[in-house]
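Okay, so here's the structure we're looking at.
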DNA sequence: CGAACTTATATCGCGCGATAAATAATCGCA
DNA sequence: TGCGATTATTTATCGCGCGATATAAGTTCG
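Chains as they are written, first to last, in this note's numbering: chain A, 3 to 147; chain B, 3 to 147.
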């Protein structure tokens, strides 16, 4: 049968369930760090570049301030970051890693390797697939904007 | 730099953001149907095969019954499905489409096409990518189990 | 100068999704 | 018969994600 409305033919279903599957692999690793999945991504973004603004982070992570602000507050109360208003522009809030937040990077350094291993693929193959998925995301984002 | 902890190198980040991007494309289409994204997937599974059990649906959708039960209750109170205990095995709850639920399929028939269009790819290309993502999901699920 | 506009973030409200743990009902088998 | 296994529900908790709106700070321009 060539039913258009067949679950297994849905790219959205593939992405949705792959996201869940990733989440389940990450869960125990991130529990050990005291982070949720989106929090982890925010921390990765900050490890990559400290001192980003809320807006800048949101742009990178594709999240609104209404999602990010409470998430960042949780990271702050966990002691991993500080939120400081910029002195040049008082509208802007700059996010800085605390010492503990910086130390957490060392504990997190092994996580990506675990994922690669769980995927059963080599890094190059994953990189290729990742690029394809990013291309899909970009096309979809363009169509909405 | 070849930093392992770089956001753009994360397959998880690609999947996570692609999932959001898909959600944003779907949102207006599903709003018109009165469905959320996971509810839509459950309905697709039921259009594909009516009369599935909660457990069976959960297996297909990779969701626990504790996630599915409230979701299905919402679909029931929306009038799209009925939940009936099986007479053969009274532990089992069978989900059946209501007439309205069946009619909804006609309204939903155009949705996948919109997504293909938004992706800017042809169907064959999407199918190939979809298969790759499914393969990733299967590998990840295997590693957890 | 100051009114009007823009930008950056925060707040509020909402619903949902996801999980864990406890409970209940039923089934099937030794 | 009785007990472990199965199936689903319940309860409680937590966080995510968004839209709408508010607040406050900066900017522009008459």
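Built from N, CA and C at the ideal position, the CB exists for glycine as well. Because the structure is a prediction, the values reported are computed rather than measured.
**Asked** Does the beta carbon of residue 60/A come closer than 8 Å to any beta carbon on chain B?
**Response** Numbered from 1 along the first chain, position 58 holds the residue referred to as residue 60/A. Not an interface residue.
**Message:** Taking 8 Å as the threshold (C-beta atoms), are residue 71/B and residue 94/B in contact?
**Reply:** Counting from one through the second chain, the residue named residue 94/B turns up at place 92. Counting from one through the second chain, the residue named residue 71/B turns up at place 69. No. Outside cutoff.
**Asked** Since residue 81/A meets chain B, which of its residues come closer than 7 Å, beta carbon to beta carbon?
**Response** If you number the first chain from 1, residue 81/A lands on position 79. Correct list: empty, because the minimum Cβ distance to chain B is about 20 Å.
**Item:** Best match in 111/A, 90/A, 62/A and 40/A for proximity to residue 74/A [C-alpha to C-alpha]
**Value:** In the first chain, residue 74/A corresponds to position 72, counting from 1. When only C-alpha atoms are compared, the closest one is 40/A.
**Item:** For residue 92/A, three-class secondary structure by DSSP
**Value:** As a position in the first chain, residue 92/A is number 90, starting the count at 1. Coil at residue 92/A, not helix or strand.
**Prompt:** Between the region 127 to 144 of chain A and the region 12 to 30 of chain B, do at least 3 Cβ pairs fall closer than 8 Å?
**Reply:** A contact exists between the region 127 to 144 of chain A and the region 12 to 30 of chain B.
**Prompt:** Within 8 Å (strictly less), CB to CB, does residue 102/A reach chain B?
**Reply:** Along the first chain, read from residue 1 onward, the residue named residue 102/A stands at position 100. So, not an interface residue.
**Item:** Selection of the region 39 to 53 of chain A by Cβ proximity to chain B, strictly under 7 Å
**Value:** Against chain B - using a Cβ distance shorter than 7 Å - the residues of the region 39 to 53 of chain A are 43, 46, 47, 49 and 50.
**Message:** Could you give the first and the last residue of the continuous alpha helix (DSSP H) run that contains residue 50/B?
**Reply:** Residue mapping note: residue 50/B aligns to position 48 of the second chain, counting from 1. Looking at the DSSP string, the run of the alpha helix (DSSP H) that includes residue 50/B is 39 to 50.
**Request:** Below 6 Å CB to CB, which residues in the same chain sit around residue 103/B once its five sequence neighbours on both sides are set aside?
**Result:** Numbered from 1 along the second chain, position 101 holds the residue referred to as residue 103/B. Within the same chain, residue 103/B has close Cβ partners 82 and 83.
**Asked** residue 87/A versus chain B: which residues are under 8 Å apart at the beta carbon?
**Response** Along the first chain, read from residue 1 onward, the residue named residue 87/A stands at position 85. Those within 8 Å of residue 87/A in chain B number zero; the least Cβ separation is about 25 Å.
**Request:** Please classify residue 121/B: is it buried, with 16 or more other beta-carbons within 10 angstroms of its beta-carbon, or exposed?
**Result:** For the purposes of this step, residue 121/B is identified with residue 119 of the second chain, where counting begins at 1. Of the other Cβ atoms in all chains shown, 16 or more fall within 10 Å of the Cβ of residue 121/B; this residue is therefore buried.
**residue 134/A - containing beta strand (DSSP E), residue span** = Taking the first chain and counting its residues from 1, the one referred to as residue 134/A is at position 132. Per DSSP, residue 134/A lies in no beta strand (DSSP E) segment; the continuous alpha helix (DSSP H) that holds it begins and ends at 125 to 146.
**Alpha-carbon spacing of residue 64/B relative to residue 90/A, whole angstroms** = As a first step, residue 64/B is located in the second chain; it is residue number 62 there, counting from the start. As a first step, residue 90/A is located in the first chain; it is residue number 88 there, counting from the start. Approximately 49 Å between the Cα atoms of the pair.
**Prompt:** By the 10 Å Cβ neighbour count, where 16 or more other Cβ atoms means buried, how is residue 111/A classified, buried or exposed?
**Reply:** Within the first chain, the letter at position 109 stands for residue 111/A. Counting Cβ neighbours within 10 Å, residue 111/A comes out exposed, since fewer than 16 surround it.
**Asked** Do you know offhand how far residue 45/A's Cα is from residue 117/A's?
**Response** Taking the first residue of the first chain as 1, we reach residue 45/A at position 43. Taking the first residue of the first chain as 1, we reach residue 117/A at position 115. One C-alpha to the other measures close to 17 Å.
**Request:** For residue 55/A, decide whether its Cβ has a neighbour in chain B, counting only Cβ atoms nearer than 8 Å.
**Result:** Here residue 55/A refers to the residue found at position 53 when the first chain is read from its first residue. Using a CB distance cut-off of 8 Å, residue 55/A does not count as an interface residue toward chain B.
**Message:** Can you look up residue 102/B in the DSSP assignment and give me helix, strand or coil?
**Reply:** As a working note, residue 102/B is residue 100 in the second chain. In this structure, DSSP gives residue 102/B a helical state, which the three-state scheme calls helix.
**Request:** State the DSSP-derived secondary structure class of residue 13/A, mapped to helix, strand or coil.
**Result:** Residue numbering aside, residue 13/A sits at position 11 when the first chain is read from its first letter. Helix at residue 13/A.
**Message:** Closest to residue 144/A by C-alpha separation, out of 119/B, 139/B, 146/B and 128/B, would be which residue?
**Reply:** Position 142 of the first chain, counting from 1, holds the residue named residue 144/A. When 119/B, 139/B, 146/B and 128/B are compared, the shortest CA-CA separation from residue 144/A is found for 119/B.
**Asked** Since residue 86/A is in the beta strand (DSSP E), which residue starts that stretch and which ends it?
**Response** By 1-based counting over the first chain, the position of residue 86/A is 84. 83 to 87 is the extent of the beta strand (DSSP E) around residue 86/A.
**Item:** Local Cβ density within 10 Å of residue 139/A, reported as buried at 16 or more and exposed below that
**Value:** Within the first chain, residue 139/A is the residue found at index 137, counting from 1. With a threshold of 16 other beta carbon atoms within 10 Å, residue 139/A meets it and is buried.
**chain A contact for residue 145/B (CB, 8 Å cutoff)** = What you label residue 145/B is simply residue 143 of the second chain in a count that begins at 1. At least one beta carbon of chain A lies nearer than 8 Å to the beta carbon of residue 145/B.
**Prompt:** What do you reckon, are the CB atoms on residue 54/A and residue 97/A nearer than 8 Å?
**Reply:** In the first chain, counting from the first residue as 1, residue 54/A sits at position 52. In the first chain, counting from the first residue as 1, residue 97/A sits at position 95. In terms of Cβ geometry, residue 54/A and residue 97/A form a close pair [threshold 8 Å].
**Asked** Under a three-way DSSP split, which group does residue 97/B fall into?
**Response** What you label residue 97/B is simply residue 95 of the second chain in a count that begins at 1. Here residue 97/B carries a strand assignment [DSSP, helix/strand/coil].
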